[in-house]
Amino acid sequence: MEKVSKKITKKEVEHIAWLAKIELTEDEKNLFTEQFNSILEYFQVIDEVATDKVLPSFHAVDLTGVLREDIVEPSLSREKALANASKKDKGFFKSPKIF
Amino acid sequence: MQTLPKRIKGFSNRLKSFEVNHMKKPHSLSAKEIIEKVRGGELKAEDCVLSIFNRIEEVEGRIHAYVTLTKELALQKARKIDAKVKNGEVLGRLPGVCIALKDNLCTEGILTSCSSRILDGFIPPYNATVVNLLLKEDAIIIGKTNMDEFAMGSSTETSYFGATKNPWDSSRVPGGSSGGSAAAVSAEEAVLALGSDTGGSVRCPASFCSIVGLKPTYGLVSRYGLIAYANSLDQIGPLSRNVYDCALLLNVLASYDPKDNTSIRVPSQDYTQFLVDDISDLKIGIPKEFFGEGIDERVSKIIWESIYTLEKLGATYEELSLPTLRYTLATYYLIAMSEASSNLARYDGIRYGYSIDYDSKNWNEVYSKNRRIGFGSEVKRRIILGTYALSTGYYEEYYLKALKVRTLIRDDFNKAFKKFDVLVGPTMPIPPFKIGEKITDPLSLYLTDLLTVPVNLIGSPAISVPCGFVDDMPIGMQIISPALREDLLLKVAHIHEQNNKFKDYAPKL
Amino acid sequence: MANNTLNKNVKIGLEIHCQLTNLNTKLFCSCSADYRGKPSNTHLCPVCLGIPGSLPVGNKDAVKDAILVALALESKIMNRLVFFRKNYFYPDMPKNFQISQYDKAGGVPIAIGGHVTIQAGNRKKKVEITRIQIEEDPAKLLHQGSIDISPYTLVDYNRAGIALLEIVTEPCLKSPKEARIFLQKLRAILEHLGVSDGKLEGAMRCDANISHIGGDRVEIKNISSFKEVERALTFEIVRQKSLLSRGIKIKMETRHWDDVRKLTISLRTKEKEQDYRYFPELDIVPITILKEEIEKLRRKMPELPDARWTRFMEKYKLPTYDAGVLTNNKALGDFFEECVKIYPYPKKVSNWIMTDLQRWLHEKNVEISKSKITPQALVSMIRLIDKGIISGKIAKRVLPELIITGKSPEEIVEEQQLLRISSRREIEKLADKVLENNPQAVKDALVDEKAVHYLVGQLMKLSKGKADPQLSNEIMKEKLKSFLNK
C-alpha cells in the first residue's frame, strides 16, 4: 500500500475551523497547520495496514442495546433548566440572532 | 528488597506511623480502616472530614489538586453519617470515606468545569450516576479535582486553572488527565478518588503518583454524568493508595445503569473476595512491544523485577508479540479526536458556560468567538483534527480506517488472551517528566500514551500499581486482562502489592 | 399559474418530518412529549437540553411506530436499528448535532424504498419513497418579526428531542399541486396508523428540493404546514423561471421559506455548504429488529386509506369520488361511519358531509375532530328533514350552529324558532301580505306561471324559510284563483 504524503493546507485548516465553529488567529492558523502536518504524518502509519476485508469496530466490547418504555418522568423545573443560560428572557433562552 | 532505591522521600516517616497504626491521623488511614472505625464508633465521620481538610490546608498550596472544595457539604454529610451511627441505623458501604471527584463528573449544585473556561460557572442540574451511588453508600464528597482540559492530556498541564504538581516532586507533572485525583490521593488530601480513563487518564497519573488506578471494562461503570471526551473509550475508574481500597470502591461503582445504553448488566459482586494469595495457575503474557522502542530501560528493568517476583510466587510468564501495537496510538487518536469533535460541539455558550456579550451579534460569530476564548489550545487542536478526520473525503481514510485497525488490534489481544490470563508491562514508558517539558510539542506528549491506549481501544480493563522508583520518581506496573476479568487484575495486583513495600512509601510533603 | 400546470421541466422531491404524536415521551428521554400550549422550557431534562454528561436512551414505541409506517408504505425494513450523528451548528440544536439515521458510511435507515399511490387528476401515480428514518426534533426558535430582521432569537427547547420520522421521496413530483395531493395522502395514512396527528400545529413539516432541467437543485427549508407547501413551491418555481428567462443560471443553494412574508430567502450557497460529518452515535448500542417483531406489528396493522376507500365503495355503495374524499381524512371517514351506524343511508350522510359540512369546516377553519358537531347531531338534523319538521334550507342554517355550539339540532330549531310553519291559517296570512305588497306581480301571475313562483318565493322569504313550501305553493295558487274569480 503506497501512499503519497498527505498535507493539510492553511486554507483547509481555515475551512475545518469554520465547520467546527472555532475562530483562529493568524498565528494559530500557522502553528496548527504545522502541528497538524506532523501529527497527520504520524497517523499515516495506519496506512500500511491492509483493512479491505476488515469490519470496523464501533464499540470495543459486545454490548446489547436496550430501548426504554414510553413512560413519562418528571422534567426539570424551568428555573433549573434556565439556571445556566447566558441570557434569558421571560422563560426563554436568548440566543444570538440568526441572520 | 535489594532492588529498592535507597533514598525514598518520606520512607522512614511513613514506616514509623505504620508501626503505630492507631496514631495515624484519619486522612492517612485506608478506606478499609475508616469504614471499620466509623462502623465501630471509634472514629467520627466528621473527624475524617476535618482531618482531610486540615491536610488540604497544609499541602494543597504546593499540589493544586483541587479546583473546587465542598467542605460545608462534606461536613453536613459527615454529621448525617455520625447521627446514623449514633442511632444505630444501617450504614452504607463506604461510611465516612472522603472521596475526591474528577471535575468532569456532574455534581448537582456544585460547579463542574472539566478544567475548561468554556464551562465557566456551569452548575449541573443533576448528579452523575456514580455520584449518586457514592452518596447512597455514605461516602463523603470533598471536592472536584483538577484535570487536563476535557481530559485531553497526560500531564494535567492543559487545565485552564493551571497545572497540578506531582507530590513526589513539585517540578514534575502528576500525569493526566486525572492528575488532580491522583495527586490528591497520593498526598493524602483524599482517601479515594474517581478519575476517568479514555486513553490512560486513570492509570497514567496513578503510575506517576505511585498509587493504584483501575480502568474498568468499558460498560462496567455507568458513564451517565461523565462529561464525554471520546464516548466509545471513556470509562470512570477508581484511584486509591492500595488494592483493597480499589476493590471496595469498584464494588460500589460497578452497577448496571438503564440510563447508559452502553452499561453492561452484570451481577454485582464483592471484588475484595478475589484478593487471595494464590497465583499458582496464573499465566502471564509479556508483550515484547511493551519493552521495546520508546520505553525507558530503567522502567523496563523495574517492571521485570516485579515479574520475576510473581514468577517466584508461582505464576508462569512468557513473552509474546502484539504486532498491531505499532498502530494503536494513531488509531486511538483518530478515534478519540473524531468523537471529541462531535461531543464538544454543544459548548456554544448559550445554554451554559462561557459567552461573550452577544447583543445584536450573529450566532455564527458568537459561537466561533466563545469557542475560541473558551477552549484551550489542545482542545482546539483535537476538535479541529477530529472534524477533519470526519469530513467529506477523509472519513474513510481516517476515521473508518482507524475503526478497522481497531478490529485488528482487538483480534490481536483476543489471540493473546487465549493463551494468557493477564498481560503485564509498564504503565508509562518514562518516569514523570518536568512541567513544561513536553507541552509545546503535542506529538511528543501523545507518544507517552503508547502503553495505556490499547485497552481503551479493546474495551478491556487494566490496572496500574506502584512498582518502584527511578531517580526517586514513581513507576507503575500495568496489568491487563480480558473484558470483565477485573477479578484477575485485582488478584495479581494484590499479590504484587503484598510482596513489595511500594504502597508504604509516601511523598514527603 | 405554475401551480396547476404540469411542468415537465420541474422535478420536486420532498423531505417530510412527521412528529410521532402518539408517543408519551420524547425520542431519547422520558420528558413528556405533550409540549403544545405548555409554558416554554418546562419539558426539559439533561438529555434533551444537551447538558454535558447526559446520555440518550431510545423510546421503544417510536421504533414500533416507524415500523408500522414502513409497513404501510411497503418499504423494506432493515434488520438493525442504528443511529448516527448529523453534525452541524445552529441555535435550535441543544447538542449541535442531531441524532438521526444515515444510509451511508456503515449506517442504515430503519427502512428503504416504498411508495405512496396518489390520485393525480384522473390517473393513479406511484410516488416513490427513498427512505424512512427516525430522528429527533430540534428546538423551536421564535423571532421577533421576520427571521432576517429579528435582533435576537428566543429558544424554547420543549420541542427538542420529540420523535420525528423523516420520510424522503424521490424527486418524482411534477407540480406543487401533486406535492400537496401526495402530502394529504401521506397524512391520511399516518392518521389511519394512529402514529401522527397532522392536525396538530407543526406536527408535519416539509423541506423541498426543486430543480428545473439544466439547473441546480434548490432546497427550501422551514415549510411549516402543508398549506404552505403549495405556496412555497409555486413561489420558488416562479422565481426560478424568472431567473431562467433572464438567462441567469440557478445555483445550488438552500433557501428559507418565510411564512410571514410568503417568500423564500437564501440561507447559504454552495461555497459554504455544510459538511454534516455523519458518524455513528456510539452512546446508543445498535439493536436487532426481529422478524417476529415486524410480523407482530403487521398483524396489528389498522385499515389504511386505500383499503377503506374500496370498502366505502363496496359496503356503502358510495361513488368513487365520495369514498375518496371521505377516506383522505381519517376523522372525516370516522365521522361518516359513526353516522351510518345510527342512520343507515350512506349516500344521504355522505352528501351532507361532502357539501355543507366540509364547506363550513373550511370556512370556520376548523378540523372535524376539533369542531363541536357530533355524528348524532348530524343524523338528528337529517331526521328532522326526513320528518318534515325543518326544510333542507333551514337545515343549511342549522349546520354551522352545530359545528360552533355543539348543541343538538332540536335545541337550535327551538331557540331560533326555525320550526316549519305548516298551519294553513298562518300561511294564508303571509300570502295575503305578499299579494298586497306585490300588485304588479299579481297581475303578471294571472297570465304568467313564472310570476307565481316569484310570489311563493316572497312568501318563503317573509317566513324566513320556515313555511312549508308545498303548502305555500298550494295556498298561493288558490289565492290567485280566487282573485281571478273576483
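Chains as they are written, first to last, in the working numbering: chain W, 81 to 179; chain Y, 13 to 521; chain G, 3 to 488. No residue lacks a Cβ here, since even glycine has one placed at the ideal position from N, Cα and C.
With respect to the beta strand (DSSP E) encompassing residue i, which residues constitute its N-terminal and C-terminal limits?
i	result
Ala-349 (chain Y)	The sequence as given places Met at residue 349 (chain Y); Ala does not occur at that position. Run containing Met-349 (chain Y): none in the beta strand (DSSP E); it sits in the alpha helix (DSSP H), 337 to 355.
Phe-134 (chain Y)	Segment: none, Phe-134 (chain Y) is in no beta strand (DSSP E) and carries neither H nor E.
Ala-165 (chain G)	165 to 171
Trp-259 (chain G)	255 to 260
Would you tell me roughly how many angstroms separate the C-alpha atoms of residue i and residue j, rounded to the nearest one?
i	j	result
Thr-27 (chain G)	Cys-33 (chain G)	5 Å
Ile-111 (chain Y)	Ser-125 (chain Y)	18 Å
Val-142 (chain Y)	Lys-89 (chain Y)	17 Å
Thr-340 (chain Y)	Val-129 (chain W)	12 Å
Lys-177 (chain W)	Ile-130 (chain Y)	21 Å
Ile-114 (chain G)	Ala-107 (chain G)	16 Å
Leu-260 (chain Y)	Val-109 (chain Y)	11 Å
Gly-207 (chain Y)	Gly-174 (chain Y)	18 Å
Arg-67 (chain Y)	Ala-57 (chain Y)	15 Å
Val-255 (chain Y)	Arg-215 (chain Y)	13 Å
Ser-367 (chain Y)	Val-378 (chain Y)	8 Å
Gly-53 (chain Y)	Val-97 (chain Y)	7 Å
Asp-269 (chain Y)	Pro-58 (chain G)	12 Å
Lys-174 (chain W)	Leu-226 (chain Y)	43 Å
Met-440 (chain Y)	Pro-335 (chain Y)	19 Å
Leu-235 (chain G)	Ile-134 (chain G)	23 Å
Lys-450 (chain Y)	Ile-442 (chain Y)	13 Å
Ala-194 (chain Y)	Pro-186 (chain Y)	7 Å
Glu-301 (chain Y)	Gln-247 (chain Y)	25 Å
Trp-311 (chain G)	Gly-326 (chain G)	6 Å
In the DSSP assignment, find the unbroken alpha helix (DSSP H) run with residue i in it and report its ends.
i	result
Phe-30 (chain G)	Taken as a continuous stretch (DSSP letters only), Phe-30 (chain G) belongs to no alpha helix (DSSP H), as it is neither H nor E.
Lys-349 (chain G)	348 to 354
Lys-416 (chain Y)	413 to 431
Arg-310 (chain G)	307 to 318
Cys-60 (chain Y)	57 to 75
Assuming residue i contacts residue j under a Cβ cut-off of 8 Å, what Cβ separation, rounded to an integer in Å, is found between them?
i	j	result
Thr-376 (chain G)	Arg-82 (chain G)	Not confirmed; about 47 Å, so no contact.
Pro-217 (chain Y)	Ser-190 (chain Y)	5 Å
Leu-532 (chain Y)	Thr-343 (chain Y)	As displayed, chain Y neither begins before 13 nor continues past 521, which places residue 532 (chain Y) out of reach and without an answer.
Leu-145 (chain Y)	Thr-80 (chain Y)	Actually they do not touch by this definition, with Cβ atoms about 20 Å apart.
Glu-103 (chain W)	Lys-381 (chain Y)	6 Å
Arg-207 (chain G)	His-19 (chain G)	5 Å
Leu-202 (chain G)	Thr-23 (chain G)	6 Å
Compare the C-beta of residue i with all C-beta atoms of chain G and state if any pair is closer than 7 Å.
i	result
Gly-357 (chain Y)	The sequence given here has Ala at residue 357 (chain Y), not Gly. Yes, its Cβ sits closer than 7 Å to a Cβ of chain G.
Ile-239 (chain Y)	yes
Asp-150 (chain W)	yes
Ile-178 (chain W)	yes
Tyr-236 (chain Y)	yes
Leu-104 (chain W)	no
Would a check of beta-carbon distances place residue i closer than 7 Å to chain Y?
i	result
Asn-26 (chain G)	no
Asp-308 (chain G)	no
Leu-366 (chain G)	Residue 366 (chain G) is actually Lys in this sequence, not Leu. Not one chain Y Cβ lies under 7 Å of Lys-366 (chain G).
Asp-260 (chain G)	no
Lys-109 (chain W)	no
Asp-199 (chain G)	no
Could you tell me whether any Cβ in chain W is nearer than 7 Å to the Cβ of residue i?
i	result
Tyr-278 (chain G)	no
Thr-376 (chain G)	no
Cys-20 (chain G)	no
(request) With 9 Å as the limit, tell me which residues of the segment 158 to 192 of chain G have their beta carbon closer than that to any beta carbon of chain Y; keep them in chain order. (result) Residues Tyr-159.
(request) Could you please tell me which residues of the segment 118 to 149 of chain W, in chain order, have their CB closer than 7 Å to any CB of chain Y? (result) Result list: Ser-118, Ile-119, Tyr-122, Phe-123, Val-125, Ile-126, Val-129, Thr-131, Val-134, Leu-135, Pro-136, Ser-137, Phe-138, His-139, Ala-140, Val-141, Leu-143, Gly-145, Val-146.
(message) At a CB distance below 7 Å, what residues from the segment 464 to 476 of chain G approach chain W? Give them in sequence order.
(response) Cβ proximity to chain W below 7 Å picks out nothing from the segment 464 to 476 of chain G.
(message) Tell me which residues of the segment 163 to 176 of chain W have at least one Cβ-Cβ distance to chain G shorter than 7 Å, keeping chain order.
(response) Taking 7 Å as the Cβ-Cβ cut-off against chain G, the residues of the segment 163 to 176 of chain W that qualify are Asp-169, Gly-171, Phe-172, Phe-173, Lys-174, Ser-175, Pro-176.
(request) Pull out every residue of the segment 318 to 352 of chain Y whose Cβ sits closer than 8 Å to any Cβ of chain G, in chain order. (result) Within the segment 318 to 352 of chain Y, those residues whose Cβ lies closer than 8 Å to any Cβ of chain G are, in chain order, Ser-350, Glu-351.
(message) At a CB distance below 9 Å, what residues from the segment 105 to 126 of chain G approach chain Y? Give them in sequence order.
(response) Identification of residues in the segment 105 to 126 of chain G having a C-beta nearer than 9 Å to some C-beta of chain Y yields Ala-107, Gly-108, given in sequence order.
(message) Please list, in chain order, the residues of the segment 40 to 60 of chain G that have any C-beta partner in chain W closer than 7 Å.
(response) From the segment 40 to 60 of chain G, only Pro-41, Ser-42, Asn-43, Thr-44, His-45, Leu-46, Cys-47, Leu-51, Val-59, Gly-60 have a Cβ closer than 7 Å to chain W.
(request) Could you name the residues of the segment 213 to 234 of chain G whose beta carbon sits closer than 9 Å to any beta carbon of chain Y, in the order they occur along the chain? (result) Near chain Y, meaning a CB-to-CB distance below 9 Å, no residue of the segment 213 to 234 of chain G qualifies.
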